[in-house]
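K.L.:
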Amino acid sequence: MPLTAGDRLGPYEIVAPLGAGGMGEVYRARDSRLGRDVAIKALPAEFAQDPERLARFEREARLLASLSHPNIAGIHGLEEVAGHRHLVLEFVEGESLAERLARGPLPPEEAIEVCRQVAAGVEAAHENGVIHRDLKPGNIMLTPSGAVKVLDFGLAKGGATSASNPNLSASPTMTHATGAGMLLGTAAYMSPEQARGKAVDRRTDVWSFGCVLYECLAGRQAFEGETVSDLIARILEREPDWSAIPAATPPRVVELLRRCLTKDATLRLRDIGEARIALAAPAADARTAATHAAAVGRPARAWFVPAIVAVLAVIATAAVLLAIRPSHPAGPVRRFRVPVPGLSQHFWAPLALTRDGRTLAYEANDRIWIRRLDQSDAVEVPGSKRGRSPFWSWDQGTLCFAADKKLWAFTPGAEQPREICDIPESGEIVGGAWSADGRIVMAVWRSGLYEVPSAGGDVRVSLPIDSSIVDFHGPSFLPDGRTLLLLVHDKGDRAVAVVEGNPPRLKRVYEASRWNEVSYSRTGHLLGTAVEGMGPGSEIWAVPFSASSRRVTGPAFRVLDGARLANTSSDGLLVAYAEPPSPLGQLIWRRRDGAEETIGEPQTGLSGPSLSPDGRRVAYATEQDGNSDIWVQDLARGTRTRITSSPIDEVQPSWSPDGSRLFYTATQGVGHIDIVAIGSDGGGTPDTLAHGYQPVVSPDGRNLAYMVDNKGNGDLWVLPLNGGGAAKPILATPAAETSPSFSPDGRWLAYVSDESGSEQVYIRRFPEGDLRAQVSVKGGSWPRWTRRGDGIYYAKGDTLMLVAVGTGPRPTLGLPHLMLVIPAHMPGAPADADPDGVRFIAARQAAPPEPPSLLFVENWFEEFRKR
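Residue 320 in our numbering sits at position 336 of the sequence shown, and the numbers go up by one each step.
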């Protein structure tokens, strides 16, 4: 049904036609309700004649309407008038990229920025399961403000759609078009698998994106032909004319193009997010080369530092940093952050850089990866599933790692690693080192230092822990290849130490209570990660240190914020773990039927929502001024009160039974973690009660239960309140017990234990402890009792499970069943129940968190020369 100016579709008045295509005619219209312009797409008449096809289209329209991104033109609605369906779309001012390219190619910098925004929009669609399938310059709008919008997801399909169940998007626009220009214009961007009629996935959009990027740079299509058959033949059989790419194009962009336009989909760039990050990286290639060519007295060197990023999946890996660096530390300091999804985030030696700075090993996605920094791809170490703590041999040719309670050695190029030995005691190590004379030293978790010949053989104790030492962490050898450097964890404190002599002797050289790891830099410094509290905020500090005399020679100073696990090479490269910013959290009410209502505004690092006994207030922790504080929000009035404002982290709030006081965890670093009480209105002086975590008060107000760290395992303790006696353990076993929760009658305590090998929820009679039962079946955490005491709900991934509980002489338990789904909840306890038992207060992510990153700092030594 053609539309003319003045026609109305509900609140929309047609202004003028905008164009037509295979998926229908498009008109500009005015929304009389909201006073805005929109685009109306009138769908072909055959839709109304095919109910099944129409139903599929409406499902896809709902899926596409869920996309919300500044680089995607959105769908506002779906209208029906006289049996005809019309899509209401965002109206985008400006010109299409096709119109702009008709005037010639874009300058490389402009092409990179335009295509970066295109990649960002398509990436957002892919993350929501939507494949565009018809990406081309005609579907990309350039707005006057410089923003880029991807249009016409009308051919998109959900990523999970089966190829055997075709829908309206089963073929590209060319199957509906009538003009040769439309045929050629769309077919030119088809992927080889699309041209062959095979099932497609998001990699078909990666190919089309590559075609768009090529055309922006070259000013012509990557594949051309007089007929559709000629064009498809060229797509399937020929390479683009790479000589048409301008010489000024950064090498990283040319490399990206080649990876996008690889005909074999299994070898193609797997995720368009990698393209977005590569295009967002500084175009330093040519600038760096010119700097070196002009340097007086030094030969010119080619620098090639693309930031083609890595989505390190179980199947494939991609880039961290592509670098050819000079052999001597000179030139300006340069920093690169490279997101690496799946990168291990624990403190215990997940990174290992060779001394020459040419090769990096790291943990990601529960495996070990090796990355030569002059190559574009990481390589998974075979047999490294569940691999931990990689470290290099003294000659830098062999990588060691721990997996499945064994120590392994792998030489790049070999088919499989070789077994060196069984790891004694706990079977877990927290770092290892290979000496110049072929000894391997392992720091075994909570056990001591052990040695084994690098060729394998008997394992012997090198240095046991004693009554004052809890653990050794992260050993490495100083430049002499004989003296061992490590971190000693005493009870409540930490120190940097060296191990020397035969028999080995431990010598403390620096008290470092806030450090979590240590390494040696050839600038003559110890580098350590200092932490504040339990959240983000790591800092890398340096202490002047003489490797020959084994002593500190000056005061410590901070060198990097928001980073940890520093590895340095002899030529001035530093690689560290760069902390992502704290995620943005949103308080919500969520009902059992899935209905959701937001509470207040999103807040950084929001965690641990805890409802007051009357359900009228919620206490939670959120980050402000660089650390975490406790806040209370009045749910009826919407007002917020800041309860704590000290320079330390305060988290995990819980209420007294009468709601007058709050108990929380205050942490100043390792060994300085306390349970503190304060008035729930913020008044009065904070009262430090005990050392520990996760406080919870019994319903009668007489006892405080909490967790205490006991050499890496959690024990549960109870402190009688109001002068009732000293604190004492109530559950101290070789397993880790955490997350206590009292039943409403105070006679039972729910908690989490890993005694079975995985975390499960249990209950135990309090205070006797003589009866207990397992509540969860297939894992659980953060248990809470229902307000009536007739059940326990606990977290399992993004779900809350509920188990009915009868607490007679002996507990009786029902089967777990799903009670609530809380997608993408924030860390910590996911939810607390309202007294009505119908809705729950929770904290979920307000935006997807950023992936962890590797920080590369080139010419790192220059930082110390300046000091």
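We put the CB at the ideal spot given by N, CA and C, even for glycine.
For the region 826 to 842 against the region 788 to 801, are there 3 or more C-beta pairs whose distance is under 8 Å?
P.N.:
Touching, no, given that fewer than three Cβ pairs across the two stretches are closer than 8 Å.
K.L.:
Consult DSSP for H473 and reduce its assignment to one of helix, strand or coil.
P.N.:
If DSSP states are grouped into helix, strand and coil, H473 belongs with the strands.
K.L.:
Taking the continuous beta strand (DSSP E) assigned at Q359, which residues delimit it?
P.N.:
Element bounds for Q359: n/a, residue is neither H nor E.
K.L.:
Which residue's Cα is closest to the Cα of Q678: D684, V324 and D693?
P.N.:
Closest by alpha carbon: D693.
K.L.:
When you compare only the Cα positions, how much space is there between T783 and H801?
P.N.:
Roughly 10 Å between the two C-alpha positions.
K.L.:
If you run the structure through DSSP and keep just helix, strand and coil, what is R621?
P.N.:
Of the three classes helix, strand and coil, the one that applies to R621 here is coil, per DSSP.
K.L.:
Just verifying my parser: in three-state terms, what is the DSSP assignment at F320?
P.N.:
Reduced to three states, the DSSP call for F320 is strand.
K.L.:
Which residues in the same chain as R243 place their Cβ atom closer than 6 Å to its Cβ, once the five residues preceding and following it in sequence are excluded?
P.N.:
Cβ neighbours of R243 beyond the five flanking positions: L253.
K.L.:
Answer yes or no: do W769 and A734 have a C-beta to C-beta separation smaller than 8 Å?
P.N.:
Yes. Within cutoff.
K.L.:
Mind checking which residues open and close the beta strand (DSSP E) that includes E634?
P.N.:
Per DSSP, E634 belongs to the beta strand (DSSP E) from D633 to W639.
K.L.:
Take the Cβ of V322 as the centre, count every other Cβ of all protein chains shown within 10 Å, and call the residue buried at 16 or more, exposed below.
P.N.:
Label assigned to V322: buried.
K.L.:
So, helix, strand or coil for L263, using DSSP?
P.N.:
Reduced to three states, the DSSP call for L263 is helix.
K.L.:
On a Cα-Cα basis, can you pick out the residue from R489, S760, W525 and A650 that is closest to Y746?
P.N.:
Nearest option by C-alpha distance: S760.
K.L.:
Between the C-alpha atoms of L853 and R749, what's the straight-line distance to the nearest angstrom?
P.N.:
Beyond the ends of the chain as shown, which are -15 and 851, falls residue 853; an answer cannot be given.
K.L.:
If you count every other CB in all the chains shown that lies within 10 Å of the CB of T537, and 16 or more means buried, which is it?
P.N.:
Answer is exposed; the Cβ neighbour count stays below 16.
K.L.:
Counting Cβ pairs, one atom from each stretch, are 3 or more of them under 8 Å apart for the region 443 to 462 and the region 506 to 515?
P.N.:
Touching, no.
K.L.:
Just the Cα atoms here: how many angstroms apart are I(-2) and E77?
P.N.:
Distance between the alpha carbons of I(-2) and E77 is about 16 Å.
K.L.:
Using the Cβ count rule (16 or more neighbours within 10 Å means buried), how would you classify N687?
P.N.:
By the 10 Å Cβ count, N687 comes out buried.
K.L.:
Rank E739, E177, A826 and R492 by C-alpha distance to the C-alpha of Y778 and give the top, closest one.
P.N.:
Y778 has its Cα closest to that of A826, out of E739, E177, A826 and R492.
K.L.:
Can you give the Cα-Cα distance for F375 and P718, rounded to whole angstroms?
P.N.:
Spanning the two alpha carbons is a distance of roughly 29 Å.
K.L.:
Beta carbon of D598, beta carbon of G668: below 8 Å?
P.N.:
No, the pair does not count as a contact, with Cβ atoms beyond the cut-off.
K.L.:
Residue range of the alpha helix (DSSP H) that T651 falls in?
P.N.:
Run containing T651: none in the alpha helix (DSSP H); it sits in the beta strand (DSSP E), R645 to T651.
K.L.:
Let me know the beta strand (DSSP E) ranges lying completely inside the region 364 to 443, each 3 residues or longer, listed in chain order.
P.N.:
Within the region 364 to 443, the complete beta strand (DSSP E) runs of at least 3 residues are 372 to 376, 383 to 387, 390 to 394, 402 to 406, 413 to 418, 423 to 428 and 432 to 437.
K.L.:
Based on DSSP bridge pairs, tell me the residues matched to H68.
P.N.:
Bridge partners of H68: V65.
K.L.:
Looking only at its chain, what residues have a beta carbon closer than 6 Å to the beta carbon of P713, apart from the 5 residues adjacent to it on each side?
P.N.:
Answer for P713: D699 and W701, listed in chain order.
K.L.:
Can you give me the C-alpha to C-alpha distance between E765 and V736, rounded to a whole angstrom?
P.N.:
The sequence given here places Ser at residue 765; Glu does not occur at that position. One C-alpha to the other measures close to 6 Å.
K.L.:
Nearest CA to the CA of P334: which residue from F320, C384 and G341?
P.N.:
Out of F320, C384 and G341, C384 has the C-alpha closest to the C-alpha of P334.
K.L.:
Here's a check: name, in chain order, each residue in its chain whose Cβ is nearer than 8 Å to the Cβ of R271, leaving out the five neighbours to either side.
P.N.:
Unreliable placement is indicated for R271, whose pLDDT of 34 sits below 50; no coordinate value is reported for it.
K.L.:
Out of curiosity, what's the CA-to-CA distance linking A362 and V502?
P.N.:
Their backbone Cα atoms lie some 26 Å apart in a straight line.
K.L.:
When the Cβ atoms of the region 83 to 100 are set against those of the region 230 to 237, are three or more pairs found closer than 8 Å?
P.N.:
In short, these stretches touch, since the Cβ pair count reaches three.
K.L.:
Alpha carbon to alpha carbon, how far is N843 from P488?
P.N.:
Between N843 and P488, the C-alpha separation is close to 36 Å.
K.L.:
On the premise that D613 lies in contact with T628, defined as a C-beta separation below 8 Å, what is that separation, rounded to the nearest angstrom?
P.N.:
5 Å between Cβ atoms; contact.
K.L.:
Among the residues of its own chain, which have a CB less than 7 Å from the CB of P807, if the five just before and after it don't count?
P.N.:
Contacts found: D782 and R828.
K.L.:
Quick one: measure Cβ to Cβ for D816 and S594, integer angstroms, because I've assumed they're closer than 8 Å.
P.N.:
Going by Cβ atoms, the distance from D816 to S594 rounds to 5 Å, so yes, they are a contact pair.
K.L.:
Along the chain, where does the beta strand (DSSP E) containing Q178 start, and where does it finish?
P.N.:
No beta strand (DSSP E) holds Q178; the alpha helix (DSSP H) holding it covers P176 to A179.
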